[in-house]
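Only one structure is covered here, and it is reproduced in the block below.
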Amino acid sequence: MFDQKSRYAALKTYTVKDHRGREVAVVPVPPPPDQTTLGIHLLRQGQRLDHLAQEYLDNPAGFWRICELNDVMLPETLTEQREIEIPLGKAR
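Under the numbering used here, the sequence shown has 88 at position 83, and the numbering climbs by one with no breaks.
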């Protein structure tokens, strides 16, 4: 279901009933990675998180780490902020 490198790959799924009574598989939320803050980035209009992740983390798919460090679930939430925290290098 998930790529082997995904932090969700090793998590056990469980089943719940949705509001229609259907059984659906659920993946629990993994614990946040242990991250150190590199610093604060002043967000300019038009900047995207995947571009910032490429610049600071050398991985555009690492945008979720910026979201985790800033305690947001949806990347769009960060576009409303002026300053965002940037994690240092690779997650430990």
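Glycine residues also receive a C-beta, built at the ideal position from the N, C-alpha and C atoms. Note that the structure is predicted; figures quoted are calculated from it, not measured.
### Message
What does the alpha-carbon distance come out to for the pair Leu74 and Lys22?
### Response
Answer to the nearest angstrom: the Cα atoms are 32 Å apart.
### Message
Counting beta carbon pairs with one atom in the segment 49 to 65 and one in the segment 25 to 32, are three or more of them shorter than 8 Å?
### Response
No: fewer than three Cβ pairs fall under 8 Å.
#### Entry: Exposed unless 16 or more other CB atoms sit within 10 angstroms - verdict on Ile45
Per the 10 Å Cβ criterion, exposed.
#### Entry: Sequence ranges, alpha helix (DSSP H) only - wholly within the segment 25 to 91, length at least 4
Counting only runs of 4 or more, we get 54 to 62, 68 to 74, 80 to 83.
### Query
Pro33: which of Asp39, Thr42, Thr20, Leu43 sits nearest, CA to CA?
Relative to the Cα of Pro33, the nearest Cα in the group Asp39, Thr42, Thr20, Leu43 belongs to Thr20.
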